[in-house]
DNA sequence: GGCAAGCCGTACCGTACGTTACGGTTCGCC
DNA sequence: GGCGAACCGTAACGTACGGTACGGCTTGCC
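Chains as they are written, first to last, in my numbering: chain A, 2 to 218; chain B, 2 to 218.
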């Protein structure tokens, strides 16, 4: 499930109007990719270019603000790790997997990642870092406590949470993100995502499930 | 191991000189990303812009030719599937994993993928399809016969080779490619790649290894 | 040698777009 | 009402770059 609002408040001091402008820019970014023009943003947002430059400095500033604005909106739900048994751990992992697949297959995520990848090439700003921080690394921060709790409860067995996380990440995402970014049509229905989430979770538990009985608490 | 030459000959009717020009363009692409200019390519290749346009039509044509030229050079080694036992299967899988990690972590691959991802956004050409076809799908074509052979030999157990392949792909690549594309510094030493290849292979066999004894042939 | 083809280097053209400037309008405040 | 700040819409500026044209050089062929 996607949640508005988050621990890190990136909305800084954005007025309603500024947020509306960034939303317009975001929609345009999804539609036209990195080839959007300042004129187009101004027209779509019904504001003047002068205002865009006053608020965001330059084109890169606008792009960065747009990416951060979206990043502050989309977060993967965090899961409470207490009272954990195998069923609830499985459910949590499936939920994470499902949420993540929904995120990376969304038009918005694809557009943002494309722009960030492009800019990472000409390394003039840190859009890539922003996307990474609010995507892959945010997911890790949310998931690791769950994994640790699973280990504490004797349900999981691993030495390094980072390694375990990365395996889970791979089992869930597989080739989906790179294929979507490269323009492959990949219909991810609700049902397919659910199935993939279950499969990835089963595989993860097959690899990292504790061989012994769960520890009694 | 990376092999020059391949089943699909993409060198079409490229003269030596044309290949040299494309190599220059490729180097520039790695250095400057999608922001390379026709003038820069001409200067680097010591040729005139007129020649570039005569040979490749326009900027997109040059980019496409460059990507295809590189694609025709880099291929993942195919592996003979006969006389298969668990040790040779494991070795094959490790070899595939190691090769793939080397490819996706190379400067050239990163640059090409970045350009292709960017162009997939403004969907004017099919660079994304080219990269996908010579990357992820080429890998699948090479690996699937090995997986099938493993199943025939009673070493592996799966119903769908595509699904098995995608799991392997995920176990090997995990978050590496997206992190690199987004500009994350990720030092992949030879040793780290070797270790990851072994780990991914072990995990894959743990998931898809046949529970029964290998079938006698 | 003469000639044509291919190509290099460079100058040139047109345009798209980032950025700036400015007149006109709204709105809060005194 | 008067005033200033913020902002809209649009026009204008400068530049970078894709694409074209052209003069000169080399090379192979007769």
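The C-beta atom is built at its ideal place from N, Cα and C for all residues, glycine as well.
Closest Cα partner of residue i within the set the options
i                      : options                   : result
residue 137 of chain B : B:187, B:100, B:57, B:85  : B:100
residue 124 of chain A : B:123, B:115, B:120       : B:115
residue 134 of chain B : A:153, A:180, A:113       : A:180
residue 79 of chain A  : A:70, A:96, A:117, A:37   : A:96
residue 113 of chain A : A:139, A:72, A:192        : A:72
residue 206 of chain B : B:102, B:187, B:159, B:50 : B:159
residue 204 of chain A : B:59, B:53, B:164         : B:164
residue 210 of chain B : B:15, B:51, B:88, B:187   : B:88
residue 144 of chain B : B:107, B:15, B:92         : B:92
residue 98 of chain A  : A:193, A:54, A:33         : A:193
residue 154 of chain A : A:24, A:46, A:84          : A:84
residue 187 of chain A : A:139, A:107, A:166       : A:107
residue 191 of chain A : A:202, A:102, A:32, A:111 : A:102
residue 111 of chain B : B:201, B:24, B:68         : B:68
residue 32 of chain B  : B:16, B:196, B:109        : B:109
residue 48 of chain B  : B:70, B:19, B:59          : B:19
residue 59 of chain B  : B:15, B:126, B:162        : B:126
residue 212 of chain A : A:196, A:16, A:152        : A:152
Pair within 9 Å by beta-carbon distance, residue i and residue j
i                      : j                      : result
residue 104 of chain B : residue 131 of chain B : no
residue 61 of chain A  : residue 156 of chain A : no
residue 29 of chain B  : residue 182 of chain A : no
residue 122 of chain B : residue 35 of chain A  : yes
residue 57 of chain A  : residue 66 of chain A  : yes
residue 129 of chain B : residue 118 of chain B : yes
residue 120 of chain B : residue 64 of chain B  : yes
residue 150 of chain B : residue 90 of chain B  : yes
residue 37 of chain A  : residue 46 of chain A  : no
residue 166 of chain A : residue 198 of chain A : no
residue 94 of chain B  : residue 208 of chain A : no
residue 40 of chain A  : residue 50 of chain A  : yes
Opposing strand residues paired with residue i [DSSP bridges]
i                    : result
residue 1 of chain A : Residue 1 of chain A is absent from the structure shown; chain A starts at 2 and stops at 218.
(request) Note down, one range per segment and in chain order, each alpha helix (DSSP H) of at least 4 residues found wholly within the stretch 66-134 of chain B. (result) 87-105, 108-122
(request) Count the CB pairs spanning the stretch 165-173 of chain A and the stretch 171-182 of chain B that are closer than 8 Å, and state whether there are at least three. (result) yes
(message) If we require 4 or more residues per run, which alpha helix (DSSP H) segments fall completely within the stretch 144-199 of chain A?
(response) List check, alpha helix (DSSP H) in window: 162-174, 177-182.
(request) Give, in chain order, every unbroken run of the alpha helix (DSSP H) that is at least 4 residues long and sits entirely within the stretch 4-61 of chain B. (result) 17-33, 39-46, 50-57
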